Each structure stands twice: as structure tokens, then as C-alpha cells.
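One line per chain: the protein sequences are A and B, in this order.
For the record, in the first sequence the residue sitting at position 127 is 176 according to the working numbering, with numbers rising by one throughout.
For the record, in the second sequence the residue sitting at position 25 is 86 according to the working numbering, with numbers rising by one throughout.
Using N, Cα and C, we set each Cβ at its ideal position, and we do this for glycine too.
Every value quoted in this text rests on a predicted model; they were computed, and no experiment measured them.
A short write-up of the structure that comes next.
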Amino acid sequence: MCPHKGKNHRCCIKIRAGKTHARRAVAFLHNAEFSYVNVTDVFEGLPENISDTFKRRFDNWIAALPGSPVPHHQYHGWEKTDYDGKYIECFVFKAPGHRLYGFLCHPKSPGDKRYELCVLVLHDDKYAHKTWEPNLKNSKKMNTNTDVIRAIEVEYPNGPQDASTGGKKDKKGKRK
Amino acid sequence: MTNSLHWTEKDTKKFQFAIALDFIDQLEARMAELKCSRSKLAKKAKVDKSYVSQVFNNPGNLSLETVVKFARALKMKVTVVAYDDGDESNERGPINAEIFRLCWEHAKKPADMWTFKENRQAQVATAPAYVYHVPRGRHEGARAGGRTTLKGAGNQVITRLGYSTPHWTNLLDTYIEAVSPLNQVDLG
């Protein structure tokens with residue numbers, strides 16, 4: 050059962066920060082089909098100082114201008130030069146010893162291409178410097194998952210998001 | 062409490078945590094700049110190293126005394142700023158301290174109201190003037206802070222950017238995003 054909707058949804062997202070913000074928002078993903086999609090369950094069990102640190106990181110990311118210097122100790126994405134550019138859509142929020150991984154998308158595209166949504170997928174403990182690549186792989190996988198795309202469309206009904214087409218539709222309203 | 066309220070509205074401690082964390086973030090940025098480790102900070106602030114770690118990981122109980130100690134240890138000063146952002150019910154949460162710091166630095170770090178006024182006048186006088194070509198069909202008849210009136214689409218907008226026209230610069234952002242390709246001419 051989906052913890053966000055309280056119904057028998059297998060997959061859904063819930064906006065956790067920036068619900069009324071014009072440019073950015075952060076959402077948690079629930080997808081019962083994949084055990085590694087644990088962000089919703091784990092977040093509620095985190096120590097209060099850690100979950101509050103994450104919440105402030107979400108605020109700060111939402112308030113920041115795209116292209117401005119990124120405070121790497123708070124959050125960051127991956128560049129084209131990292132991992133041969135395989136994870137440019139992936140994103141991480143950081144708190145001491147904890148990481149939340151996810152992906153960025155443009156759920157209001159093509160109407161509002163600038164609007165960014167960070168869909169957080171999984172939590173992991175983090176003490177080593179280097180990122181554990183499977184976390185990025187799993188986050189990336191969710192970006193193209195049909196159920197996830199549909200879940201985002203439910204939350205953003207006026208702006209379909211499609212990883213493969215950038216949300217473009219043909220004249221009949223079907224996705225290209 | 063409705064869902065639209067910010068998480069820091071839940072209780073005062075949450076609000077306190079958020080602003081304390083912003084302060085710690087500022088300290089960490091400064092420490093990186095000065096290449097100062099937590100041990101060095103502890104030594105300079107004359108506190109135990111474990112206390113620094115404890116505060117950095119969970120800054121919710123920061124006292125003003127500790128705030129001042131850490132700031133001074135990193136050759137900085139600190140000010141508590143109260144403000145009214147029109148968000149009475151707290152739907153947006155506290156504004157990040159970095160915004161205030163950046164605005165102060167952008168105003169050339171005035172130490173008092175005299176310097177603030179002088180800096181502001183100097184900035185307005187020396188700000189570059191730009192011409193923006195407004196595309197047809199956009200912003201007809203818009204009014205720009207009482208300084209420039211757009212008589213119709215296809216006109217040129219000439220402005221001198223300065224602090225005295227904050228709402229004009231906001232409007233300008235709209236143009237910057239609307240005009241493509243942006244045709245800017247520096248008029249000196």
C-alpha cells in the first residue's frame with residue numbers, strides 16, 4: 050500500500066518540499082516493486098537532527114539559482130565528466146553519515162522547462178568518500194520507469210514528463 | 062496546522078535548528094576557505110574538539126555565546142537579524158543567512174547608514190546602462206518603476222541598473238528571460 054496516498058497504489062510520489070514554489074520541488078518516491086526504493090520508509094525513522102538537516106538542505110536547494118556555485122557538502126549532482134556522464138540526472142542530498150539519492154526531472158516540460166523536480170529514491174548510510182555506484186544506477190533506473198513517470202504525471206497533470214522525449218508530445222497529445 | 066506550513070513552524074526548536082544549521086554551513090564554508098580543521102577551530106575557540114563535532118552534527122542547541130566564539134575564532138563577526146518577509150504564517154521557512162550576507166556584500170559591506178547611502182549613490186551613478194529590445198507582442202504598455210515607460214512592442218528599453226529601482230530590476234529579469242537572443246548594448 051502506498052504510504053502517501055493511503056490507497057492501493059504500487060507507485061507514487063509525494064512532494065516533501067517546495068509544494069508552492071514556482072521553480073523547484075523535492076519529492077519522495079514510493080515504489081513497492083523495488084525494495085531499494087526506501088526513502089519514504091527510512092526517512093521517517095531517521096534521527097530528528099538528520100531528518101531536519103535534510104529538510105533544510107531541501108529548502109536551500111529550492112532557494113538556490115540553477116548554475117550558482119553548489120555547496121557540495123549539502124547536495125550536488127554529477128557532471129558529464131563523472132562516470133562518463135552516465136548519471137547527469139542523478140542527485141544527492143547529504144547529512145552527516147546519511148545520503149538521499151534520486152534524480153532530477155522537468156515535470157512541467159514543455160510548458161515550463163525551467164521547473165525542476167528532485168525525486169528522491171533511496172537512502173544510504175555514507176561514511177566513505179566515494180559514492181557507491183549502484184545507488185546512482187538504481188536512482189537512474191527509476192527516472193525511466195513507466196510507473197514512476199505515471200506517478201509524476203499524477204502529481205503534475207498539466208505537464209507530462211518523459212525521460213526519453215523530454216516531455217514532448219505530438220499534435221494529438223501523445224508522447225513522441 | 063495545515064500542510065502548507067513550513068516544517069519549521071511545527072515548534073520553535075525546528076526553527077532554531079534551521080537557522081543554526083545555516084550558521085554552521087557558513088562556518089564550514091569559511092573553514093574551507095581558511096583551510097581550518099575542526100580541531101583547529103576547537104583550539105582557537107578554546108572548546109573541546111568533541112564539542113565542535115557535536116555542535117556541527119546537531120546544531121539545534123547552539124547558544125549565542127558559542128555562535129560568537131566560533132565566528133570570532135574564524136575572524137568573522139556575527140549579527141542576529143530580525144526581518145518581516147510578509148510570510149506571517151511561515152509557509153516558506155526562514156530565509157537563509159547567506160541571502161543577507163550576499164546582499165550586504167553586494168552593497169559593498171557598509172559599516173553604517175552613512176556608508177550605505179554613499180555606496181548606494183555611487184552604484185547608481187556608475188551602473189552601466191543597457192538597451193533591451195522588446196520583442197513584438199510582449200509587455201505592451203508595461204511600466205518600469207516610474208523611470209521608463211514602454212510605449213509598445215518592438216521598442217527599445219534603456220535603463221541604468223541601480224539599487225534605487227529594485228522592482229525595475231525584477232521586471233528586467235522577465236525581459237532577460239523573454240528576449241531571445243538577448244540584444245544587449247553597453248552604453249557605458
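Alpha-carbon spacing of residue i relative to residue j, whole angstroms
| i | j | result |
| --- | --- | --- |
| A:ALA81 | A:THR195 | 14 Å |
| A:LYS223 | A:THR130 | Note that A:LYS223 scores a pLDDT of 47, beneath 50, so its modelled location is shaky and nothing firm can be said. |
| B:PHE131 | B:SER100 | 12 Å |
| B:ASP86 | A:GLU204 | 32 Å |
| B:SER292 | A:LYS68 | Lying outside 62 to 249, the shown extent of chain B, residue 292 of chain B is not represented and no answer is given. |
| A:HIS121 | B:GLU149 | 32 Å |
| A:ARG65 | B:THR176 | 43 Å |
| A:PRO145 | A:THR102 | 9 Å |
| B:GLY207 | A:GLU138 | For B:GLY207, the pLDDT reaches just 40, beneath the cut-off of 50, and the residue's location in the model is therefore unreliable, although a value from the coordinates is still provided. B:GLY207 and A:GLU138: Cα-Cα distance of roughly 43 Å. |
| A:LYS135 | A:PRO183 | 12 Å |
| B:ASN180 | B:PRO171 | 8 Å |
| B:LYS123 | B:VAL116 | Residue identity differs from the one stated: residue 123 of chain B is Leu in this sequence, not Lys. Distance between the alpha carbons of B:LEU123 and B:VAL116: 7 Å. |
| B:LYS18 | B:LYS110 | Nothing can be reported for residue 18 of chain B, as the shown portion of chain B is limited to 62 through 249. |
| B:ALA134 | B:LEU102 | 7 Å |
| A:ILE99 | A:VAL86 | 19 Å |
| A:GLN123 | A:PHE142 | 6 Å |
| A:PHE92 | A:LEU185 | 18 Å |
| A:TRP127 | A:LEU171 | 17 Å |
| B:GLN77 | B:VAL128 | 13 Å |
| B:ALA168 | B:ALA188 | 13 Å |
Local conformation of residue i per DSSP, three classes
| i | result |
| --- | --- |
| A:LYS143 | strand |
| A:LYS189 | helix |
| A:HIS178 | coil |
| A:ARG148 | strand |
| A:ARG105 | helix |
| B:HIS167 | helix |
| B:TYR112 | helix |
| B:ALA143 | coil |
| B:ARG162 | helix |
| B:GLY154 | coil |
| A:LEU114 | coil |
| B:ILE85 | helix |
| B:LEU102 | helix |
| B:GLU149 | coil |
| A:SER158 | coil |
| A:TYR132 | helix |
| A:GLU138 | coil |
| A:SER100 | helix |
| A:CYS207 | A small fix is needed here, since residue 207 of chain A is Asn in this sequence, not Cys. Here A:ASN207 sits in coil by DSSP. |
| A:GLY183 | Note that residue 183 of chain A is Pro in the sequence shown, not Gly. In this structure, A:PRO183 counts as helix in the three-state DSSP scheme. |
Per DSSP, cross-strand counterpart(s) of residue i
| i | result |
| --- | --- |
| B:CYS97 | According to DSSP, B:CYS97 bridges with nothing at all. |
| A:CYS167 | A:VAL75, A:LEU153 |
| A:HIS172 | A:LEU149 |
| B:ASN118 | In DSSP, B:ASN118 forms no bridge with anything. |
| A:ASN80 | A:CYS60 |
beta-carbon residue i near the ligand MG non-hydrogen atom, thresh 7 Å
| i | result |
| --- | --- |
| A:SER84 | Absence of the ligand MG from the depicted structure is noted, as is the absence of any ligand whatsoever, leaving it without description. |
Where the beta strand (DSSP E) through residue i begins and ends
| i | result |
| --- | --- |
| A:ILE62 | 60 to 66 |
| A:GLY126 | 124 to 126 |
For residue i, the first and last residue of its enclosing alpha helix (DSSP H)
| i | result |
| --- | --- |
| B:VAL128 | 125 to 134 |
| A:ILE201 | 195 to 204 |
| A:ASP90 | 88 to 94 |
| B:THR187 | 174 to 187 |
Chain A contacts from the segment 76 to 95 of chain B (Cβ-Cβ distance under 8 Å): PHE78, ALA79, LEU82, ASP83, ASP86, GLU89, ALA90
Which residues of the segment 147 to 175 of chain B have a Cβ closer than 9 Å to any Cβ of chain A? Give them in chain order. GLU152, ARG153, GLY154, PRO155, ILE156, ASN157, GLU159, ILE160
Under 8 Å, CB to CB, which of the residues in the segment 108 to 139 of chain A have a partner in chain B? ASP108, ASN109, ALA112, PRO120, HIS122, GLN123
Against chain A, which members of the segment 101 to 115 of chain B pass a CB distance test of less than 7 Å? none
If the cut-off is 7 Å on Cβ atoms, which residues from the segment 117 to 143 of chain B count as contacting chain A, listed in chain order? ASN118, ASN119, GLY121
Contact set between the segment 76 to 107 of chain A and chain B, restricted to residues whose Cβ is under 8 Å from the partner: ASN98, ASP101, THR102, LYS104, ARG105
Taking beta-carbon pairs under 7 Å, can you tell me which members of the segment 142 to 154 of chain A lie near chain B? PRO145
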